[in-house]
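Report on one structure; see the data block that follows.
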Amino acid sequence: MAAPYRLLFVCLGNICRSPSAENIMNHLVSQSGLSDQIQCDSAGTSGYHIGEKPDRRMTQAANAQGIEMKGRSRQLDSSDLEEFDLILAMDRSNYDGILALDRSGQNAHKVKMMCDFCQNHTDTEVPDPYYGGADGFKYVIDLLMDASQGLLDQIVAEEL
Ligand code: 4NP
């Protein structure tokens, strides 16, 4: 059997946006019966929250849409750029932070913006909800549901 396709979702703290993306994608992958073929992980460009569970407000917003939130925060490492097949940045600053770790310069082609996969939203970045209210967390889930479905559709269509 072919090796699983490995996806890494990246934000700043790895407690709000990227763990949501990871868990939403796992949910969609599982519903599609593809859990053996597609693996998901997430990381933060910062080390501010290493070892912490996802933000409680983010978990509430995810749970409200039927998404369970698992995982602990970890910091992105340069080895991640070698090991993953596709790396999804939540915003432009995350994108720049990921590329800054591409020491070999060989892996830039693996790094894409998550919102490039949206089918129903026109946003170009997933907004950072950390300092805002509950609406911002709900919006992140809606946006990531859209982008994750678009991403899965492209992987299944073997366009990536
Ligand atoms: P995330 O959100 O990058 O989506 O996990 C944030 C989490 C923590 C902080 C900023 C954004 N912070 O400044 O601690």
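All letters in the sequence shown, in the order written, are residues 47 to 206 by the working numbering. Quick reminder that beta carbons are idealized off the backbone N, C-alpha and C, glycines included. Nothing here was measured: the structure is a model prediction, and the numbers come from that model.
Using alpha carbons as the reference points, say which of the options lies closest to residue i.
i	options	result
S81	I187, I61, I133 and N72	N72
S88	M115, S139, Q111 and Q77	M115
A108	H95, Y141 and E68	E68
Y177	H155, L53 and R63	R63
L122	V186, K184 and I61	I61
C161	Y185, L206, S194 and S66	S194
M191	Y94, G59 and A110	A110
R52	P175, K99, L127 and P65	L127
N153	D181, G182, F130 and A180	F130
G151	D101, N140, D174 and S124	S124
R120	S139, G93 and Q106	G93
So what's residue i in DSSP terms, helix, strand or just coil?
i	result
F163	helix
A135	strand
I187	helix
S88	strand
R103	helix
L206	coil
Q121	strand
Y176	coil
Y51	strand
K158	strand
So the alpha helix (DSSP H) residue i belongs to, where does it begin and stop?
i	result
R63	R63 to Q77
Quick check: residue i and residue j, are their CB atoms within less than 8 Å of each other?
i	j	result
I70	I133	no
V172	L145	no
V75	L197	no
G97	R118	yes
C86	M136	no
S66	I187	yes
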